[in-house]
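Residue numbers (the numbering used here): 203 to 348.
One structure is given here, and the rest of the page talks about it.
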Amino acid sequence: MKHIRKMVVAVLVSAAVIILIYNFTSQNEERFVKANESRITPSTTLTVINNEEFAGTANMHRFDIPAGSALVRVSFKNTGSKHFTFTLNKGSTSGTEITFGSVPADGKEHTYYSDKALSTGGYYVNTSSAQGMSGTLDVSLETNAN
């Protein structure tokens, strides 16, 4: 009976260590999530691109993250008849890709945000579509209250 108890304790301790290691390493990854997923509540918001219209087959919009940590919220409204794709890159239009996605042509707002702070510097939101597109873009920076 003591042998079984020791094995159970060993398994529980091992599982706890694995969970702690996983949580520690996963906190260092940058990740974008859809707006309806849970996240930390921000304390302040700074709009850096407000309701900017775009059209054609390719567009590029640049913004800067100032000193301090910032969560990024990117919102699109596709007013065209076809979906378009987007990428968010750091440093240049072809720099490190932070996230990407496809925005359907449903006329609704689609919002993506980072659940981890992105570093300071220049970022580029690129939109493209082979069929042509039209829509609006909003980008906000939020500082984390914690």
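For glycine and all other residues, C-beta sits at the position ideal for the given N, C-alpha and C.
Whole-angstrom distance between GLY337 and GLY258, CA atom to CA atom: 10 Å
Proximal residues to HIS285 (C-beta, below 8 Å), its chain only, five neighbours per side dropped: SER304, VAL305, PRO306, ALA307 and SER331
Per-residue burial, ILE206 [other beta carbons within 10 Å of its own, 16 or more giving buried]: exposed
Cβ shell of VAL341 (< 6 Å), same chain only, five flanking positions each side left out: VAL250, ILE251, PHE265 and VAL276
CB contact flag (LEU273, SER316, <7 Å): yes
Assigned secondary structure, HIS312 (DSSP; H/G/I helix, E/B strand, else coil): strand
PHE278 vs LEU339 beta-carbon contact at 7 Å: yes
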